[in-house]
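In my numbering, the protein residues as written are 52 to 268.
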Ligand code: GRF
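Structure follows, in structure tokens:
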């Protein structure tokens, strides 16, 4: 079976990266992790990747005079590894339109909210403060505007009484670890099409019922 070669770009602890690494260990998983790249040499995820035997690269943004030079170095690594899909997983650099266009429809991101709600940082704080009854996470194709682009898969996660930012983050992260490997699988199986900036997924099913929070008596 031909497998899709993916790269995972990280800046930090790399728990979503780990979820992808675990998924890729399954014999029938249709993607293979070509490499993990971090812009930060101290990212904890690098060690986790090495332990899993995944090739790692550091492209330290501080060593480049401008954003595009940094991205050219990143692009060279990705091309050199024969990467077909780039997965951002807690990658804390804003990518320029040049890079985003170069990898258009081959570049995905995971964000810990139900986009387009709460883009940017401090997502869970914003959700708790807004008093929403559901938050969640989103995997989307990347466009030049931050946390924006065709939505591939979402998980809705309820807020519970007494929730703090941290408690919500933990609950959402668990869902992230499920949807990211699933999103990559759908792409690798060739089931994903983008038409007029909307994602269509072949042979997929959706929940038939609404979720309520609180549950009506
Ligand atoms: C995740 O919450 C992800 O949605 C966001 O950054 C966080 C990265 O966490 N983009 P990890 O490094 O994958 O553990």
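Using N, Cα and C, we set each Cβ at its ideal position, and we do this for glycine too.
Distance cut-off 7 Å: residue i Cβ against heavy atoms of the ligand GRF
{"i": "residue 111", "result": "no"}
{"i": "residue 186", "result": "no"}
First through last residue of the alpha helix (DSSP H) which encompasses residue i
{"i": "residue 66", "result": "66 to 76"}
{"i": "residue 238", "result": "216 to 239"}
{"i": "residue 148", "result": "148 to 153"}
{"i": "residue 253", "result": "Neither: residue 253 is in no alpha helix (DSSP H) and is coded neither H nor E."}
{"i": "residue 96", "result": "95 to 102"}
Reduced DSSP secondary structure (H/G/I, E/B, other) of residue i
{"i": "residue 56", "result": "strand"}
Residue i - containing beta strand (DSSP E), residue span
{"i": "residue 121", "result": "Run containing residue 121: none in the beta strand (DSSP E); it sits in the alpha helix (DSSP H), 118 to 131."}
{"i": "residue 83", "result": "82 to 89"}
{"i": "residue 244", "result": "243 to 246"}
{"i": "residue 109", "result": "107 to 109"}
Pocket of the ligand MG defined by Cβ to heavy atom distance under 5 Å: No copy of the ligand MG appears in this structure; the ligands present are the ligand GRF.
Inside the stretch 138 to 214 only - beta strand (DSSP E) runs reaching at least 3 residues: 158 to 162, 185 to 192, 202 to 209
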